[in-house]
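Participant: Top line first, the protein sequences correspond to chains V and R. Just so you know, the working numbering puts 258 at position 246 of the first sequence, and the rest follows in order with no gaps. Just so you know, the working numbering puts 98 at position 96 of the second sequence, and the rest follows in order with no gaps. We put the beta carbon where it would ideally sit given N, CA and C, even for glycine. On a predicted model such as this, the values are computed, not experimentally measured, just so you know. Here's a structure for you.
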Amino acid sequence: MKIVVCIKQVPDTKGGVKFNPDGTLDRGAMLTIMNPDDKAGLEAALRLKDQYGAEVTVLTMGLPKAEEVLREAMAMGADKGILVTDRVLGGADTWATSTTLAGALRNIDYDLIITGRQAIDGDTAQVGPQISEHLDIPVISYAQDIKVEGDSVIVERQYEDRYHVVKAKMPCLITALSELNEPRYMTPGGIFDAYKEEITVWGRADLKDVDDANLGLKGSPTKIAKASDKVRKGAGEKVTLDPDEAVSYIVDKLKEKHVI
Amino acid sequence: MDFTLSKEHEMARSLFKEFAEKEVKPLAQEVDETETFPRATVEKMAKSGFLGIPVPKEYGGQGCDPLTYAMCVEELSKVCGTTGVIVSAHTSLCCDPIQTYGTEEQKQKYLIPLAKGEKLGAFGLTEPGAGTDAQGQQTKAVLDGDEWVLNGSKCFITNGKEADVYVIFAITGVVEKRGRLTKEISAFIVEKGTPGFTFGTKENKMGIRGSSTYELIFTDCRIPKENLLGQQGKGFAIAMHTLDGGRIGIAAQALGLAEGALETTIEYVKERKQFGRAIGAFQNTQFQLADMATKVEAAKMLVYKAAMKKAEYATNPKVSYSVEAAMAKLYAAEVAMEVTTKAVQLHGGYGYIREYDVERMMRDAKITEIYEGTSEVQRMVISGALLK
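Below, the structure is given as structure tokens:
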């Protein structure tokens, strides 16, 4: 089985967020981590590798610095790393990103593609499903459990109050939730091995069947009006009241704030 | 001279740091307070390869250099001195002598499970009457047919009751050296559960309280002849060589404790207010911190240099890292004691309270000036080389 996991290097929100003048993130200036949902997706792939035997390739699009996140994935146990990096791909929104990744994936032999549900920097949850549309393969999003049976995957798809068990024939795409598992740590020896491996680096010219009009900032229909760091909420107010009193207290508060 | 760490070492540090923060730090206070050996943490470390970092891959290890190993002990000790010494004693004092002196059979049987972390290791040299004076040993081993019979006891043994494999030193005869009779010491591998091998007192310690420190008792304990480690009579040299490596581990532990105390104190002095200002705004605090940070950095240079010298030894066994290891341990241990003491002082009354980490760090730091060769022994080793 061949599994490709799409991962993203995202700002470590603990280290503070910095922006470019055009409103996009200044990724070079921030501490970074592997996106948590993607890490769970990678762990799921590595568990399938442990259980059934598989070749796990990690794919990312980003600055040359994003190589680090591929090395990290390889130090956890991924077999190969592919970095898609090119100036013309910069400033991509979800549409341009999924177009780019699909262009890269068309060069790769796969049975299963796993992406994280969403990245903690954009929180869109769009890239995974969009890739599946570009590649014309089934998608199962919000996976909380993944099993393989023959040439199919059986996935528990999470809802707010239940889950659905969905079966799909491979090749297909799954988007993973960080609750899916507890990702393993890298191993010290794995780190040194990962740095001995070659990382495949692809640019615009290596992308298959993509139109320049759909790439980078120019090919991104999303226009960012304004971006800001999240505003920290205060501690709030805590009151202990009987249920009846509490209801009228809340209603009064909502009226006071003109919510109702 | 390049002081920049490689990308690999930086990533390894981030791994150890993340592990220490997530898995070790939350338990540190409880481990100390209740004297609990952190078994679950040891299992997690085994899974992540932390128990065989410098052991070659063919023997189940990670195949990394001594610097990576030292950084692991350092990062663990930043948050928990107990966890740091568990890894150090296991790796430096049990895996290392078996890797260096063991036969292929011994490596297959003992080193592989030790390096994989399936088994935990310990080292027994010290006796009630033989601490710094290792020649004062009383434990004896007598060859009887195909078995060595051990009688005697060892004290203050780290990982004491929790280990599975022990490197034990015992007298195997008396030899004449330069006209004087001296004890011939040999090293042995002893497995837990061997009849005649029992545990005595559990030590109630000032610091590293989660570390399992026990007396080991051997009463007609019979071990197979092939469990002799290295040549008969070479035990003293094996012990000294092993302790050279061990000192790098303890130096890294001391460094970690000092760094942990410094980091904790920097955060504290920014928060703590007296006379309407954060105490970090006072020049006394600033100067204290400057001195602490400078000494920590100097200690780090010595520890990393010793670890890098040990890496040289791996490719050229003629290289000695004895003096570098002694200097690293001497300095890092004294810095650990000084920095943790200052950290307590800068915390004021709160520094004396158990809920504050610096209180534990100060207690943990003291042992680094004592075990695996006291600071006085390190000075003997260093001056001995100077005056040779």
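With distances taken between CB atoms, is the gap from Ile10 of chain V to Ala188 of chain V smaller than 8 Å?
Facilitator: Only positions 13 to 272 of chain V appear in this structure, which leaves residue 10 of chain V out of reach.
Participant: For the segment 67 to 96 of chain V, list every residue whose C-beta sits within 9 Å of some C-beta in chain R, in sequence order.
Facilitator: The residues in question are Glu80, Arg83, Glu84, Ala87.
Participant: If I measure Cβ to Cβ from Thr25 of chain V and keep anything under 8 Å in the same chain, skipping five residues before and after, which residues do I get?
Facilitator: So the qualifying residues of the chain are Ile132.
Participant: Out of R:Lys24, R:Thr38, R:Ala14, R:Pro115, state which residue places its alpha-carbon closest to the alpha-carbon of Asp67 of chain R.
Facilitator: Looking at the Cα atoms, R:Ala14 is the closest of the given residues.
Participant: Quick check: is the beta carbon of Gly248 of chain V nearer than 8 Å to any beta carbon in chain R?
Facilitator: So no, Gly248 of chain V is outside the interface.
Participant: Suppose the cutoff is 6 Å on Cβ atoms and the five residues either side in sequence are ignored; what does the same chain contact list for Gly93 of chain V look like?
Facilitator: Only Val70, Leu82, Met86, Ile211 meet the Cβ criterion.
Participant: Let me check understanding here. Comparing Cα to Cα, which of R:Val341, R:Thr317, R:Tyr352, R:Ala308 lies closest to Lys331 of chain R?
Facilitator: Answer by Cα proximity: R:Ala308.
Participant: So for Leu183 of chain R, helix, strand or coil by DSSP?
Facilitator: Strand.
Participant: Go through its chain and collect everything with a Cβ distance to Met339 of chain R's Cβ below 7 Å, but skip five positions before and after it.
Facilitator: Same-chain partners within the cutoff: Ala367, Lys368, Glu371.
Participant: Under 8 Å between the Cβ atoms of Gly212 of chain R and Glu37 of chain R?
Facilitator: For Gly212 of chain R and Glu37 of chain R, yes; Cβs fall inside 8 Å.
Participant: Between Leu266 of chain V and the rest of its own chain, which residues show a CB-CB distance below 6 Å, the 5 nearest in sequence each way excluded?
Facilitator: Here the set comprises Ile272.
Participant: Is it right to say His176 of chain V is buried, meaning 16 or more other beta carbons lie within 10 angstroms of its own, or is it exposed?
Facilitator: It counts as exposed.
Participant: Just checking: is the beta-carbon of Met46 of chain V within a distance shorter than 8 Å of some beta-carbon in chain R?
Facilitator: So no, Met46 of chain V is outside the interface.
Participant: Just checking my contact of Leu230 of chain R with Ile240 of chain R at CB under 8 Å: how many whole Å lie between their CB atoms?
Facilitator: Not a contact, Cβ separation roughly 11 Å.
Participant: Taking beta-carbon pairs under 7 Å, can you tell me which members of the segment 195 to 217 of chain V lie near chain R?
Facilitator: Cβ contacts with chain R come from Tyr197, Met198, Thr199, Pro200, Gly201, Ile203, Phe204, Tyr207.
Participant: Anything in chain V within Cβ reach of Glu10 of chain R, meaning under 7 Å, just list it in chain order.
Facilitator: Ile203, Phe204, Tyr207, listed in chain order.
Participant: Going by the CB atoms, is the gap between Val360 of chain R and Thr266 of chain R shorter than 8 Å?
Facilitator: Yes, Cβ-Cβ distance for Thr266 of chain R and Val360 of chain R is below 8 Å.
Participant: Helix, strand or coil: which one does DSSP assign to Met42 of chain V?
Facilitator: Coil at Met42 of chain V, not helix or strand.
Participant: Is there a Cβ of chain V sitting closer than 8 Å to that of Gly65 of chain R, yes or no?
Facilitator: It does; some Cβ of chain V falls within 8 Å.
Participant: Assign Lys159 of chain V to one of three DSSP states: helix, strand, or coil.
Facilitator: Three-state result, Lys159 of chain V: strand.
Participant: Nearest-angstrom Cα distance between Leu95 of chain V and Arg118 of chain V?
Facilitator: Approximately 14 Å, taken between the alpha carbons.
Participant: Under 7 Å between beta-carbons, which chain V residues line up against Ile55 of chain R? List them in chain order, please.
Facilitator: Near Ile55 of chain R (Cβ distances below 7 Å), the residues of chain V are Pro200.
Participant: Going by alpha carbons, who is nearest to Gln21 of chain V out of V:Met46, V:Phe31, V:Asp34, V:Gly35?
Facilitator: Selected option, being the one with the closest Cα: V:Met46.
Participant: Counting only the same chain and skipping the five closest in sequence on each side, list residues whose C-beta sits under 8 Å from that of Gly40 of chain V.
Facilitator: Closer than 8 Å at Cβ, skipping near neighbours: Leu75, Lys77.
Participant: Grab the span of the alpha helix (DSSP H) containing Arg169 of chain V for me, first residue to last.
Facilitator: No alpha helix (DSSP H) contains Arg169 of chain V, which is instead part of the beta strand (DSSP E) from 164 to 170.
Participant: With the cut-off set at 8 Å, would you say Leu156 of chain R and Thr184 of chain R are in Cβ contact?
Facilitator: Correcting the residue type first, residue 156 of chain R is Lys in the shown sequence and not Leu. No; because the gap between Cβ atoms is not below 8 Å, this pair is not in contact.
Participant: Does the distance from the CB of Thr160 of chain R to the CB of Ala124 of chain R come in under 8 Å?
Facilitator: Yes, these two residues count as a Cβ contact at 8 Å.
Participant: Cα-Cα, which of R:Leu145, R:Gly62, R:Met329, R:Lys390 is closest to Gln380 of chain R?
Facilitator: When only C-alpha atoms are compared, the closest one is R:Met329.
Participant: Which residues in chain V sit within 7 Å of Arg51 of chain R, going by Cβ to Cβ distance?
Facilitator: Before going further, note that residue 51 of chain R is Gly rather than Arg in the sequence given. Within 7 Å Cβ-Cβ: Thr199, Pro200, Gly201.
Participant: Just to confirm my understanding: we take Gly65 of chain R, look at its own chain, exclude 5 residues before and 5 after, and list those with CB closer than 7 Å. What are they?
Facilitator: The answer, listed in chain order, is Pro58, Lys59.
Participant: Between the segment 128 to 143 of chain V and the segment 247 to 267 of chain V, do at least 3 Cβ pairs fall closer than 8 Å?
Facilitator: Too few Cβ pairs lie closer than 8 Å, so no.
Participant: Taking C-beta to C-beta, are Asp98 of chain R and Gly247 of chain R nearer than 8 Å?
Facilitator: Going by C-beta atoms, Asp98 of chain R is nearer than 8 Å to Gly247 of chain R.
Participant: Look at the alpha carbon of Val16 of chain V and the alpha carbon of Lys159 of chain V, and state the distance between them as a whole number of angstroms.
Facilitator: Cα to Cα, the separation comes out at about 16 Å.
Participant: Is the beta carbon of Thr70 of chain R closer than 8 Å to that of Ile55 of chain R?
Facilitator: It is a contact, given that the beta carbons lie within the stated cut-off.
Participant: Is it buried or exposed for Tyr112 of chain R, if we count other Cβ within 10 angstroms and need 16 for buried?
Facilitator: Tyr112 of chain R should be labelled buried.
Participant: Does the Cβ-Cβ distance between Leu17 of chain R and Pro150 of chain V come in under 8 Å?
Facilitator: In this structure, Pro150 of chain V does not lie closer than 8 Å to Leu17 of chain R by Cβ.
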